[in-house]
Every structure is written in C-alpha cells, then in structure tokens.
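Line by line, the protein sequences give chains U and C.
Every letter in the first sequence is one number past the one before it in numbering that gives the first Met the number 0, and letter 414, counting from 1, is 413.
Every letter in the second sequence is one number past the one before it in numbering that gives the first Met the number 0, and letter 264, counting from 1, is 263.
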Amino acid sequence: MRTLLRVGFINLRRDRVAQALTFALPIVFFSIFATVFGGQQNASTSRIRVAVVDEDHTEFSARLVEGLRGEKGLRVRTTADETDKTPPLVRSGDVPVAIVIPHGLGGSFAQRGFAPGGPAIQLLSDVSDRIAPQMVLGLIQKVVMTTAPDLMMQGGLRQFEQYAGAMTPQQKAAVDDWLPRLKARGQGSQAAGSNAASNAGLGVSVDVVDVMRTKSNQQSLISFYAAGIGVMFLLFSSVGGAGGALLDEAEAGTLERLLSTNIGMTGVLIGKWIFLAIVGCVQLTVMFVWGRLAFGLPLFSHLPGFGVMTVATGAAAAALGLVLATLARTRAQLQGFSTIFILTMSALGGSMFPRFLMSETMQKVGLLTFNAWALDGYLKVFWREAPIWQLWPQLLVLGTATMVFLAIARLLARRWETT
Amino acid sequence: MSDTVLAIDNARKRFGQVTALDGASFELRKGELLALLGPNGAGKTTLIRAIAGRVRLDAGQIRVFGRALDGRSTPPELGIVPQDVAIYPLLTARENLQVFGTLHGLSGQALATQVDWALERSGLADRAHESVKQFSGGMRRRLNIACGILHRPRIVLLDEPTVGVDPQSRDRIYDVLGELAQSGVSLLLTTHHLEEAEARCSRTVIIDHGRVIASGTLSELVEQTVGRHRIVTLRLDAPLDGDGAALRASNDAISIDESDSRIVRARMGDVASDLPPLLQQIRLSGRAVDDVEVRGPSLQSVFIHLTGRELRE
Numbered sequence: 000m001r002t003l004l005r006v007g008f009i010n011l012r013r014d015r016v017a018q019a020l021t022f023a024l025p026i027v028f029f030s031i032f033a034t035v036f037g038g039q040q041n042a043s044t045s046r047i048r049v050a051v052v053d054e055d056h057t058e059f060s061a062r063l064v065e066g067l068r069g070e071k072g073l074r075v076r077t078t079a080d081e082t083d084k085t086p087p088l089v090r091s092g093d094v095p096v097a098i099v100i101p102h103g104l105g106g107s108f109a110q111r112g113f114a115p116g117g118p119a120i121q122l123l124s125d126v127s128d129r130i131a132p133q134m135v136l137g138l139i140q141k142v143v144m145t146t147a148p149d150l151m152m153q154g155g156l157r158q159f160e161q162y163a164g165a166m167t168p169q170q171k172a173a174v175d176d177w178l179p180r181l182k183a184r185g186q187g188s189q190a191a192g193s194n195a196a197s198n199a200g201l202g203v204s205v206d207v208v209d210v211m212r213t214k215s216n217q218q219s220l221i222s223f224y225a226a227g228i229g230v231m232f233l234l235f236s237s238v239g240g241a242g243g244a245l246l247d248e249a250e251a252g253t254l255e256r257l258l259s260t261n262i263g264m265t266g267v268l269i270g271k272w273i274f275l276a277i278v279g280c281v282q283l284t285v286m287f288v289w290g291r292l293a294f295g296l297p298l299f300s301h302l303p304g305f306g307v308m309t310v311a312t313g314a315a316a317a318a319l320g321l322v323l324a325t326l327a328r329t330r331a332q333l334q335g336f337s338t339i340f341i342l343t344m345s346a347l348g349g350s351m352f353p354r355f356l357m358s359e360t361m362q363k364v365g366l367l368t369f370n371a372w373a374l375d376g377y378l379k380v381f382w383r384e385a386p387i388w389q390l391w392p393q394l395l396v397l398g399t400a401t402m403v404f405l406a407i408a409r410l411l412a413r414r415w416e417t418t
Numbered sequence: 000m001s002d003t004v005l006a007i008d009n010a011r012k013r014f015g016q017v018t019a020l021d022g023a024s025f026e027l028r029k030g031e032l033l034a035l036l037g038p039n040g041a042g043k044t045t046l047i048r049a050i051a052g053r054v055r056l057d058a059g060q061i062r063v064f065g066r067a068l069d070g071r072s073t074p075p076e077l078g079i080v081p082q083d084v085a086i087y088p089l090l091t092a093r094e095n096l097q098v099f100g101t102l103h104g105l106s107g108q109a110l111a112t113q114v115d116w117a118l119e120r121s122g123l124a125d126r127a128h129e130s131v132k133q134f135s136g137g138m139r140r141r142l143n144i145a146c147g148i149l150h151r152p153r154i155v156l157l158d159e160p161t162v163g164v165d166p167q168s169r170d171r172i173y174d175v176l177g178e179l180a181q182s183g184v185s186l187l188l189t190t191h192h193l194e195e196a197e198a199r200c201s202r203t204v205i206i207d208h209g210r211v212i213a214s215g216t217l218s219e220l221v222e223q224t225v226g227r228h229r230i231v232t233l234r235l236d237a238p239l240d241g242d243g244a245a246l247r248a249s250n251d252a253i254s255i256d257e258s259d260s261r262i263v264r265a266r267m268g269d270v271a272s273d274l275p276p277l278l279q280q281i282r283l284s285g286r287a288v289d290d291v292e293v294r295g296p297s298l299q300s301v302f303i304h305l306t307g308r309e310l311r312e
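Put into structure tokens, the structure is as follows:
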C-alpha cells in the first residue's frame, strides 16, 4: 500500500500538467467566477444603461425624467423626441432598455390618477437581458411615487370627487395646503437619492415591449446557447484537431516525411488550417441545424448572417488551434494548457453565461476573448436582426485575429523545420 | 569521381555541448547500396537528416549530383525512408501511397502506375485496400519504404529500414533495395544488422563520434583493420592454472576471456599449422577441450576492432 502511494505521489510530483489540472484549474475558475459575479455587487460598474424619450413634455414627465436621472442604479440617456430612433438603439445593443413617456401621460395622470385606461409608459427592452427590464420597471414605479406624490394625490382626489362627491371648502383648503409640502417631500427624497422602495399598492401603467424579435423568447435563447456552446466546443475541436494535425504527426514521423516533400511547412500549415476551418464550420452548422430541428431556432431566415459569421468564426478558431498546437511541446501539455485557456475564454467571453450579466468592467475584459466577438456577431444576426454590413466590427476583429494567429503559428512551427 | 551522386565533405554539427558530426566525409556512388554503420549516438541519423535538408551543418558541405545543398530543403532527387513508420494508420496502403505520391509531385496516370508498382514491389497488392492499422510490423515497414521510393528518386536514404522486422520481410525489403540499386538508384542505409550490411551492401562506411573511421568493401575493411587472420575460440572443461599465464606467455596472439577463464582465444594466420600445437599445450596442462570455433574475418570483428564496442540495437 505504501509503495503504491509512493508511486502515485512521485508520478504526480513529476507531471506538471496533472498538477495544473488538479490544483491550478479549480483556482483559476473560482477566481474568474468570483470576479465576474462578485463584480455585480459593485453598483458603480453595474448601472443599467437606459434611454428615455419624453414625448409628454409636462411637469409630470419632466419630474419623472429627473427622478430617473437621480437613480443610482441607472445611467440615463435622453433622446428628445426621437421615438423612432429608440427601438434601433435597443436593437443594436446600445442600451438594454428604453423608456418612452407617451404624449398625454401627465394630463391623464392629473385627471385620472392610477385609474386604468390612460396612456401607458412604454418600456422597450432587449429580452437578451432578462434582468434589466424588470429592474427598470420597478424603478419607474418607485420614481413615480417618490417624485410626483402631489400630482398623484391631485389625480386621486379628482377621482374621489368624481365618484364620492365634491369636497367641502375646508377639505379643499387643507389639501391645497398639503400638496406643496407633499411635492417638496418628493423632490427632497429624490435629491437625497432615496433608495426607499415605493410601498404603494398602485402604480403607473407600463407596457413592456420586446423590440428584439417577433419570435418566442425561447427561440432567441436557443440561438444564444447554440452560439455560446457551439463556439466553446469549436475551440476544443480546433485545438484537438490542430494537436492531432501537428503534434501527433510530429511524434509519428509523418510531419518529418511531409516536410521532405514539395509542400513545405507553410503548405502544411495552410492545408491543416483549411481542413480545421471546414470541420469547424460543419460543426457549427450541425449545432444550429439541430437547434432548428429540435428547438425551432430560426436558422433559415438568418442564413446569410449565419454563414458569414460561421466562416469567420471557424477560420479564426482553426488558426487559434494551430497557435496553441505549435506552442505546446507535447500532446499532454497542449491538453492541459488549452483546457484552461478555452474554459477561461469561454467564461469571460460569454459562452457559459451571457456577458450582459457581467459588470461593465468584465464585459470590457471579455472583449479580449475570441468568444465575445464571435458571440456578439451571432447575437447581432439572431437577436438584433442586424443586416450583414453591421457585422463588420466582428468580422474585422475575427479576420485580423485569423491572420495574426496564422503568422504566429508559422513562426512557432519553425522548430519543426531545419535545426 | 564521375559516378559520385552524393558527396559529404567535412560535415560538422553541434547541438549545444554535444558534437554530433565532427568532420564526416564520404561518397555515395551511382547504383550502390552503401551501409552506414556506427554505435548509438555516432551521428548516423544527424548525417541522414543533414543530407535530407532537415539539419543545417555548422561547417562542411553536402553535394547532390555536384550541387551544394542549401540545408533548408530536401533535394528533389532524394527519397527518404525515416526510422519511424511514418504513415497514416487509418488510411489504406493505397491511400497512403497516393498521399505521398501526390505530395512528391505525381499525378494522374503516373501516380496510379507508381502506386501499383510500389504495392506490387512491397508485396502489399492484395492488402492495398485494408487500413494500415491492421498491418503487421513488417508490412508497415514495407509500406514505409514504399512511400519513400514511390516517386522513383535517384538517391534513397533509409534510416534503420529493417528494425523490428521479421526475417521474411527483411529479405523482401533487401530484394527490393537490391533491384533498385541494379536499376541505377543509389541507396544509403543505416542499420544495426551487421550481417545484413555484410551480405547485402556493396560498401560500408563506419562512423563513430561524428567521424568516418573506415570505409570500403568488406575485404577492404578487413585488410585495413583485422587482416586475414582467423579467430579460434576454445572452450575448456576447467579454468587454466594461474589464469593461463603460461599459455599467454608462450604466444602473444593468445588471450584468455576476462569474464570466463575457461575460454581461450587465439589469432591465427594459418589454422592448420597453428592450431595443433595449441591443443597439445592445453592437453599437457591437464585440461580437455570441450568446443572449438574458428571464425573468419567479418564486419563484426572489423567493427569491434575499430570502435571497441559491439553493435547492438
């Protein structure tokens, strides 16, 4: 028994890859997840970006906008009357939520209070972020209650008079005396940045409008997961394939033999890259076709965008695989290193959970990863219904990355050439 | 020499502190099967890789058909058969040959013809459509060689082409190599099988510590080294008294084996006249002879004479 333990410990001590996988990998992932989710506690980095359009131009709407501006959880951007431009703002991903205060809301409120039937605030949302619209919805109610309590009271009293009869002169005098104080209190609470939640059982009417798509929520989520999981496994298969293509061939001697033919190292690398890129494209296509067949993913209505993104992603992943394979000295080294590298990139880049759930800082860090650019492209196609030309930032980054990766792989592959 | 196809002149190569080649020089002639012998670490594989354009020399020159190599690419006249079985195990024999034939520039009918020729010559025609992973070690070795000679190179370099191969496959391999040599192809092979080199190769180059220490035909090497003497080995029934000091003193061509003092060796120019006095001497010392072996000059004795080591795999 002692002998077996000794053999086990000696093997572990001398196998650095096993040590890394056993001890370093869990720590790396714990750190990444702690950083990503821990960052959500920091309000300064997780404020929700909101576009607000005031079509009403009343005192009520002005106070509502000011109230929203004062909310610490929001970063408000007003867009004047450009209501038509607001859905595209959400659709393009500039903001996850937009608030449209419709014409007549202030007047209706003064007349009717919370009674149903009046115009409703429109909350234009990107359902890819399921949290932001719900938070903004709650904050709108809170802001209405805390910034315009006097106006609400006026509306309520008018309704009271409508159904219960007019108030006596003394009652009216008392109310007129109280309303300015109520208004001041509301303004004061906003100025103090009160976080007190509204305790009103009533609330302003808000219609949540999903501007992203006409399909079901579930289908859109499926496109996210198809892209997220697809890109992560694309990286795994590209690295595995590149390792097989180079390290295994070097070990078996076939690489040496290939290099003694007319093809040369550049030819070998390009041949391997094209093969890996084709396999990667087919792999992604199979994933999305399965998504279409089994889950109703709207693949066929997005074929051009899907095709462009898949070719760019497959080509870049294949080139990245070659870099990792040329960097590693052995198959075991490649496996250990690439597992850590790919899982880290996938976590930061949004393959495991959406980047919009991360803090802004982590979202920016995520842009350093391959996954983020690939996923952003797929999300533009399937969620934001973006035309192909709008994919240019993603295609530019992935295309440049492909060229850089191939150049690095070629440099690193010199070790297999003449010694 | 006009029929020299490959000339290595003062080849030098160091890998860090290790000197792999230390001024090696020799020639390969048209249509000859040249054995490159040397103990492990002597520099054989480095030399083969340098000729193949896979190792750049620190100094010296390699010329193929009179053209100096740049040390960066494999000359098109060369066919390489590496020591590893460098073929794709999931492909069939025919597919492997098609792959390497295409990469060597063959196509169309020429490719098909050469693939058929290689399959037939390597004895794999009836297994052409089977996956290589189902092949025996000998069959894989034959296919490994076929992939290197498929494009009809004028010079073939073979690094240990018969290692781990059964005798039948080994014979078949040498038959093919012999046919190639007869057709004018020049072959340079490294091997650990001295008897093969002796029996099958027209010339031998012995390399040690990165230098060529002897070269020539077997008879030339014998003349240069051990001469025409026979080695006579006697096994006695019991060790000689005083470790055979008296016997050794009587003739300096007699030696006693260090590990087994019952074994007596003697170098004899004429066995018929030199052996009887030795047998008489042993009988007088009270010992009987259990066994007698007379061995002629061989590459083995030449190799041991030159390197002081046996050649083992």
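Note that beta-carbon positions come from the ideal geometry of N, C-alpha and C, so glycine has one too.
| Item | Value |
| --- | --- |
| L419/U - containing beta strand (DSSP E), residue span | The question about residue 419/U has no answer, for chain U in this structure spans 0 to 418. |
| Distance CB(A252/C)-CB(A265/C) smaller than 7 angstroms | yes |
| Test: G242/U CB closer than 7 angstroms to a CB of chain D | Absent from the structure: chain D. Protein chains present are U and C. |
| Residue ranges of each beta strand (DSSP E) within the region 284-356 of chain U, 3 or longer | none |
| Close Cβ partners of V174/U (< 8 angstroms) along its chain, the five nearest in sequence each way excluded | M152, L156, M166 |
| Cβ shell of I47/C (< 6 angstroms), same chain only, five flanking positions each side left out | L156, D158 |
| Closest residue to D115/C among G104/C, V131/C, N95/C (Cα-Cα distance) | N95/C |
| Host alpha helix (DSSP H) of Q97/C (start-end) | 92-102 |
| Endpoints, the alpha helix (DSSP H) within which V380/U is located | 369-381 |
| Rounded separation between I212/C and P38/C - CA only | 12 angstroms |
| Which of helix, strand or coil DSSP assigns to Q60/C | strand |
| R210/C to A34/C span [Cα, whole Å] | 15 angstroms |
| Beta-carbon neighbours of F99/C, restricted to chain U and to distances below 8 angstroms | R256, T260 |
| Cross-strand partners of D242/C (DSSP beta bridge) | Looking at the DSSP assignment, D242/C forms no beta bridge with any residue, so it has no partner. |
| Chain U contact for D83/C (CB, 7 angstroms cutoff) | yes |
| Length-filtered (3 minimum) beta strand (DSSP E) runs lying within the region 231-288 of chain C | 253-255, 262-267 |
| For L149/C and A92/C, believed in contact at Cβ under 8 angstroms, the rounded distance | That belief does not hold up - the Cβ atoms of A92/C and L149/C are roughly 11 angstroms apart, past 8 angstroms. |
| Beta-bridge pairing of G78/C - partner residues as DSSP gives them | V155/C |
| Of the residues L246/U, V64/U, M134/U, L63/U, the one placed nearest T325/U, counting alpha carbons only | L246/U |
| K71/U versus V96/U, P25/U, V135/U, L24/U, residue with shortest Cα-Cα distance | V135/U |
| Under the three-state DSSP convention, the category R13/C falls into | strand |
| Straight-line Cα distance separating L342/U from I228/U | 11 angstroms |
| C-alpha distance - R126/C paired with Q133/C, whole-angstrom precision | 10 angstroms |
| First through last residue of the beta strand (DSSP E) which encompasses R300/C | Contrary to the premise, residue 300/C reads as Ser rather than Arg in this sequence. It is not in any beta strand (DSSP E) - S300/C instead sits in the alpha helix (DSSP H) that spans 298-306. |
| Of the listed residues F369/U, V52/U, R62/U, Q133/U, nearest to D209/U (C-alpha basis) | Q133/U |
| C-alpha distance - V380/U paired with A67/C, whole-angstrom precision | 58 angstroms |
| Helix, strand or coil at E222/C [DSSP, three-state] | helix |
| Identity of the residues DSSP links to R76/U by a beta bridge | A50/U |
| I130/U to L73/U span [Cα, whole Å] | 13 angstroms |
| Sufficient close CB pairs (3 or more, under 8 angstroms) joining the region 295-302 of chain C to the region 187-207 of chain C | yes |
| Under the three-state DSSP convention, the category T189/C falls into | strand |
| Per DSSP, cross-strand counterpart(s) of T18/C | R13/C |
| For V211/C, the residue or residues it bridges with in DSSP | I206/C |
| Stretch pair the region 226-240 of chain C + the region 279-287 of chain C: three plus CB contacts closer than 8 angstroms | yes |
| Which of helix, strand or coil DSSP assigns to F8/U | helix |
| Which of helix, strand or coil DSSP assigns to G30/U | According to the sequence displayed, residue 30/U carries Ser and not Gly. Three-state DSSP puts S30/U in a helix. |
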